[in-house]
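Protein chains in written order, with the working numbering: chain X, 6 to 143; chain L, 6 to 143.
Structure first, then comments.
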């Protein structure tokens, strides 16, 4: 798995996600101005159709009432991409580092706790351990 | 929907996706060195568990054989983030513009074609235009 390939796949995921966000925003806007159209677009966009954004746009453009909506969705996703992507690399890099740190701390805490449990059991239980040994040697 | 909110949501999607890619890479590597572990990790990671990366890592760390795998997955996603994210904004912005252009060209071609069909069929299609207006007022 090459970095270039990962970047390409990730870019595709982001483009799909921004298209989904654009559709949601257009539905939100239509709910104010043209509720019937909002309901139609919400229903049309359900059932996992948005998983592949380009197929979704191709198909909605072939619907009688879909042409204008498709053009609007494309304009919105274009401006979303320009307005929101700049800081994604640093947000994700920082997020991964922060979350990794949190997970490692949890793991360390859990390991320390189980270590303490073991230590407190055995170190303070020497007499009992002895008696157990005696018992078992009986 | 604010740009900041969209950026935050998109970053989360990217972090989840990179974690998924990291798990796939670790499985691929294990298949060479430790096939049994590869099979276990593949099975453990199925069924949509990877949809929420942080819950997935939390849970796999609580598995007896999961601690080392979790640490490895975290290291891999960290290095993936650093190696692949830099160019994501420009790849996505260019991708959206390119795909939008293609869709608009298809739409234009289709409209031109149907215009030509209409012209050759009957030069005045006023009734149809009317019924379209009626539809859109639904």
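Just so it is clear, CB atoms sit at the ideal spot from N, CA and C, and this is done for glycine as well.
Predicted, not measured: the structure shown is a model, and the values here were computed from it.
Quick check on residue i: does DSSP put it in helix, strand or coil?
i	result
residue 135(X)	Here the model assigns residue 135(X) a pLDDT of 42, short of 50, so the residue's position is not dependable and the matter cannot be decided.
residue 70(L)	coil
residue 64(L)	helix
residue 90(X)	coil
residue 5(L)	Since the first residue of chain L shown is 6 and the last is 143, residue 5(L) is not available in this structure.
residue 123(X)	helix
residue 57(X)	coil
residue 105(X)	helix
residue 7(L)	coil
residue 21(X)	helix
residue 100(X)	helix
residue 14(X)	helix
residue 143(L)	Any reading at residue 143(L) is ruled out, since the residue's pLDDT is 40, under 50, leaving its predicted position unreliable.
residue 130(L)	At residue 130(L), the pLDDT of 49 sits below 50, so the modelled position is not reliable; the number obtained from the coordinates is stated separately. Of the three classes helix, strand and coil, the one that applies to residue 130(L) here is coil, per DSSP.
Which bits of chain X does residue i rub up against, with CB to CB less than 7 Å?
i	result
residue 22(L)	15, 18
residue 113(L)	Chain X residues near residue 113(L): none, gap ~11 Å exceeds 7 Å.
residue 82(L)	101
Whose Cβ in chain L lies nearer than 7 Å to the Cβ of residue i?
i	result
residue 100(X)	16, 20
residue 104(X)	59
Does the beta carbon of residue i fall short of 7 Å from some heavy atom of the ligand NAD?
i	result
residue 63(X)	Here there are no bound small molecules, and the ligand NAD is not part of this structure.
List, in order along the chain, the chain X residues whose C-beta lies closer than 9 Å to that of residue i?
i	result
residue 88(L)	8, 11, 12
Taking C-beta pairs closer than 8 Å, name the residues in chain X that residue i reaches, listed in chain order.
i	result
residue 69(L)	Residues of chain X passing the Cβ test: none, with the nearest at roughly 12 Å.
Can you list the residues of chain L that residue i reaches, using a CB-CB cut of under 8 Å?
i	result
residue 63(X)	108, 111
residue 97(X)	16, 19, 20, 23, 86, 90
Interface residues of chain L around residue i at Cβ under 9 Å?
i	result
residue 93(X)	12, 15, 16, 19, 90, 93, 94, 97
The stretch 35-48 of chain L: positions lying closer than 7 Å to chain X by Cβ = If the cut-off is 7 Å between Cβ atoms, the stretch 35-48 of chain L has nothing near chain X.
Which residues, in chain order, does the stretch 48-60 of chain X contribute to contact with chain L at a C-beta distance below 9 Å?
-> Result list: 58, 59.
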